[in-house]
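First residue of the sequence shown? That's 22 in my numbering, and the numbers climb one at a time after it.
Every residue, glycine too, gets a C-beta built ideally from N, C-alpha and C.
None of these values were measured; they are calculated from a predicted model.
Okay, structure first, notes after.
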Amino acid sequence: MDPTLQDLIERIGSEHVERRLKVEVEHEAQLFGQGLIIFNLENWYAAPWIVRTALKLTGLYGRARRNADHVVVKQHSVAFANLPPAFDNFTILHISDLHADISVGAMRHLVSVVGGLQYDICVLTGDYRGKTYGPFEKSLEIIDELQAQLKGPVYGVLGNHDSIRMAPSMEAMGICMLFNECEPIVRDGQRIFLAGVDDPHFYRADDIEKAASQIPSDAFSILLAHTPEVYDRAMSARFDLMLCGHTHGGQLCLTGGFPIKLEAALPRFMGAGPWRHGAMVGYTSVGAGTSLLPVRLNCPPEITLHTLRDGQQLYLWSLKRLSSVKPSLLMGVRDFRAPCGRCQLYL
């Protein structure tokens, strides 16, 4: 057992750590031994060459390379009926799928951008390493450079590309890594809860019920998961907001951003951007980095600023605004509503 994992073992238990390490070892044995995972594109040795060749033959390689290096900042605002008033305008910087050692150009741009952003906390939703196996030291070096530019508390979860052996180094950088755990966030005496689960996609190491077990039933809660594939269980656990990544939005998309492949078992509308499942709001980041090769088409890399709004306050504000409008101007206006958080409050 890696001695650097001892603190993590004491916190989350030896069973979790040993089970994940066992899967990591078996995964590498399959890749380098029997070679059984040929149909998983990201683990297929020839895949980068095939993708690069196809893009060059179509004349799109140069454009795809440039696209991959330019990370855009997206804004996403969402209101919730049960958000504590102290958290109105609370902003979360969401960064996902760095694949740092592959996406070097994007990482340079990202480091130059994040220092000028305003937010309250930062969350990282996994896939820090380029490949699903092998060395991760270069990725950790780049993440350390990024972490130095981040403000406020930083929380993270692991993805299917990540080794649990990366966690101690990331925590030493000041990143609070969540393994089926939750943390309260306090503001002006009021609380919300942030939970995070280990990778649900490949390692199946997530335990959403455990992560939610310490959260009061009436509390506002956010779930970090690498992939949106656990959306149904997250809703059943009564999370209000789920932040995730993994899909890359398809990375290489057709015109209009239509993904050719998402590498995830989920409804396609959950593959990128905001979505809703029952009373839960979700957001799937297309990621800041890339897998296989640093290329993107019709799907720019992103980081996202999520601003939480107090739905009750917005509702009162909208009533006040409507009361100042002449009745004649409201004639013919029917069912003007904007969806808002748990309880299906509409503005």
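Asked, Found
"What distance in whole Å lies between the Cβ atoms of L52 and Y154, which are believed to be in contact at a cut-off of 8 Å?", "6 Å"
"Take M291 and list the residues in its own chain whose beta-carbon comes closer than 7 Å to its own, dropping the five residues that flank it on each side.", "P249, Y252, G303 and T305"
"According to the neighbour-count rule (16 or more other Cβ atoms, all chains shown, within 10 Å of its Cβ), is D118 buried or exposed?", "buried"
"What residue range does the alpha helix (DSSP H) around T248 cover?", "Counting along the chain, T248 falls outside any alpha helix (DSSP H), and DSSP gives it neither H nor E."
"Figure out for me which residue from A240, C274 and L335 has the closest Cα to the Cα of A89.", "C274"
"Can you look up R317 in the DSSP assignment and give me helix, strand or coil?", "coil"
"Assuming F108 contacts R208 under a Cβ cut-off of 8 Å, what Cβ separation, rounded to an integer in Å, is found between them?", "6 Å"
"Does the Cβ of V93 have 16 or more other Cβ atoms within 10 Å, making it buried, or fewer, making it exposed?", "exposed"
"Would you kindly check if the distance between the Cβ of T276 and the Cβ of I123 is under 8 Å?", "no"
"Please classify D23: is it buried, with 16 or more other beta-carbons within 10 angstroms of its beta-carbon, or exposed?", "exposed"
"What first and last residue would you give for the alpha helix (DSSP H) that runs through H130?", "V125 to V135"
"Indicate whether the contact test is met: 3 or more Cβ pairs, each with one atom in the region 69-89 and one in the region 208-224, closer than 8 Å.", "no"
"Which ranges does the beta strand (DSSP E) cover as unbroken runs of at least 3 residues, wholly within the region 270-300, from first to last along the chain?", "294-298"
"What would DSSP say about Y82, mapped onto helix, strand or coil?", "helix"
"Can you pull the DSSP bridge partners for D331?", "F101"
"Quick one: give me the first and last residue of the beta strand (DSSP E) that I142 is part of.", "I142 to T146"
"Taking Cβ to Cβ, would you say G177 is nearer than 8 Å to L138?", "no"
"Would DSSP call V38 helix, strand or coil?", "helix"
"From which residue to which residue does the alpha helix (DSSP H) around Q168 run?", "E158 to Q168"
"Among E192, G271, D28 and Q235, which one has its Cα closest to the Cα of N319?", "G271"
"DSSP three-state label for M263, please.", "strand"
"What residues in its chain sit with their C-beta under 6 Å from that of D28, if we drop five residues either side in the sequence?", "none"
"Leaving out the 5 sequence neighbours to the left and right, which residues in its chain are closer than 6 Å to F357 when beta-carbon positions are compared?", "In this prediction, F357 has a pLDDT of 35, which is less than 50 and means its spatial position is unreliable; what the coordinates show is noted afterwards. Answer for F357: no residue qualifies."
"For S238, count the other beta carbons within 10 Å of its own beta carbon; 16 or more makes it buried, fewer makes it exposed. Which is it?", "exposed"
"For Q365, which residues of its own chain have a beta-carbon under 6 Å away from its beta-carbon, when the five flanking residues on both sides are left out?", "Note that Q365 has pLDDT 35, beneath the 50 cutoff, so the model's placement of it is unreliable and the number below is only indicative. Correct list: empty, nothing qualifies."
"Output needed for R86: all residues of its chain with C-beta closer than 7 Å, excluding positions within five of it in sequence on either side, in chain order.", "P315 and V316"
"Between the Cα of K231 and the Cα atoms of Y224, I163, E166 and L244, which residue gives the shortest distance?", "L244"
"Within the continuous alpha helix (DSSP H) that includes R212, where are the two ends?", "Where R212 is concerned, there is no enclosing alpha helix (DSSP H), although the beta strand (DSSP E) it sits in stretches over Q211 to G217."
"Tell me whether N110 is buried or exposed, calling it buried when 16 or more other Cβ atoms sit within 10 Å of its Cβ.", "exposed"
"Comparing alpha-carbon positions, which option in A285, V307, A286 and E284 lies nearest P295?", "V307"
"So A193 and M256 are supposed to be a Cβ contact under 8 Å. How far apart are they, rounded?", "About 35 Å; that fails the 8 Å criterion."
"Do the CB positions of L264 and Q96 come within less than 8 Å of each other?", "no"
"What did DSSP end up calling I59 once you bin it into helix, strand or coil?", "With a pLDDT of 42 at I59, under the threshold of 50, the modelled position of that residue is not reliable, and the figure given next carries that caveat. Note: I59 maps to coil in three-state DSSP."
"Name the DSSP beta bridge partners of K231, please?", "K231 pairs with nothing; no bridge assigned."
"Under a Cβ-count criterion, where at least 16 other Cβ atoms within 10 Å of its own Cβ denotes burial, should I9 be classed as buried or exposed?", "Residue 9 lies beyond the range of the chain shown here (22 to 368); nothing can be said about it."
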